[in-house]
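Just so you know, the sequence shown maps onto residues 2 to 273 in the working numbering. One structure below.
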Amino acid sequence: MKKFVTVKYQIDSDKIKCPFTVVMVSDLHNVVFGEKNSQLLKKIGEIAPDFLVIAGDLVLGKPEASLKEPEEFLKQALKIAPVFYAPGNHEQRMKLYPQTYGKAYIGYEKRIQRMGVKLLENRTEIIQIKGQDVAVTGLELPYEYYLKRKQKTLEKRELTRLLGKPKKDCFQILLAHTPKYGKTYLEWGGDLIFSGHYHGGMVRLPFFGGVVSPDLRLFPRFSHGKFTQEDRHLIVGAGLGEHTIPLRIFNPRELVVVCCTPKDGQEKGKTK
């Protein structure tokens, strides 16, 4: 049976009144841990997050791949907590090229939304957690930003055109599948940004970090871990699955847990 580790981070913010916990899943790619992902779902249930975010590539974008595994995972995950889902490049290409991948993906999107999954394709949902609003925004980049033959740059103004401006009156989370444009995400202004896509760099070396990205760049800057700029945080998960090149060296699959707390360590409105 495949195994994964749980990686925990803590961040604080003046925008947070009461602590809450969010679990991030990325790059599952139809991998299952135990029958019908029972082991993964059990661990998420034990953590008891306030909500769950999917930072893309829950599916495996291959013509012969099934959508039953990700759909069943989402069905069971919704029994644990609300789910917010931003697409990765695998979701995008299945939707963009039905002549190659068939029309099943469109049905998948409709079914998971009927279940209650909040599918965020360049839009924002507000969730209320313990009496406070939290904004969750999902980025769907034009597919050309993923192409290996086109090394595009993403400017802040283009990100703002796609998403609008970040919320200033509440804690702002951004789900942005590829960390390639991490610098721009931090400039945009999200308080907490989740990415995946790089699978941790496939091979991780001491002092050097992840070795190679899916677009075949060596030692990509944002391959894994937590990156902070002022009061903004980018967390890049190593993902739970893999595809095409099933390689992981010193780079375990991981489930990401983030505990979000008030900056002064004290719940607003309460005295010590």
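Here a beta-carbon is modelled for each residue, glycine too, at the ideal position from N, C-alpha and C.
In the three-state DSSP reduction, Glu243 falls in the coil class, being neither helix nor strand.
When secondary structure is reduced to three states using DSSP, Lys119 falls in the strand class. Measuring C-alpha to C-alpha distances from Pro180 to each of Gln40, Asp28, Val23, Ile12 identifies Asp28 as the nearest. Per DSSP, Ser214 lies in no beta strand (DSSP E) and is assigned neither H nor E.
Taking the Cα of Lys69 as reference, the smallest distance to any Cα among Gln100, Lys44, Gln93, Tyr106 is reached at Tyr106. Under the three-state reduction of DSSP, Gln133 is assigned to strand. The Cβ atoms of Pro83 and Ile128 lie closer than 8 Å to each other. Looking at the DSSP output, Phe21 shares a beta bridge with Cys261. With contacts defined by Cβ atoms closer than 8 Å, Glu231 and Val6 do not form a contacting pair.
Note that the C-beta distance between Leu235 and Phe85 is not below 8 Å.
With a 10 Å radius around the Cβ and a threshold of 16 neighbouring Cβ atoms, Gly62 comes out buried. Around the Cβ of Phe251, a 10 Å sphere holds fewer than 16 other Cβ atoms; the residue is exposed. Setting aside the 5 residues that flank it on each side, Ser214 is surrounded in the same chain by Tyr199, Pro221, each with a C-beta closer than 6 Å to its C-beta; the list follows chain order.
Excluding its 5 nearest sequence neighbours in each direction, Met95 has C-beta neighbours in its own chain below 7 Å: Val60, Gly62, Tyr102, Tyr106, listed in chain order.
In this structure, Phe195 lies near Met25, with their beta-carbon atoms less than 8 Å apart.
If you look at Tyr102, you'll find it in the alpha helix (DSSP H) that goes 99-102. In the structure shown, the three-state DSSP call for Tyr199 is coil. Residue nearest to Val118 within the set Val137, Val212, Gly238 is Val137 (criterion: CA-CA distance).
By the Cβ-count criterion, Tyr147 is buried, with 16 or more other Cβ atoms from all chains shown falling within 10 Å of its own Cβ.
Counted as a single uninterrupted DSSP element, the alpha helix (DSSP H) harbouring Tyr186 occupies residues 183-189. Shown here for His91: same chain residues with a beta carbon closer than 6 Å to its own, the five before and five after excluded, namely Asp58, Val60, Gly62 in chain order.
Boundaries of the beta strand (DSSP E) around Lys9: 6-14.
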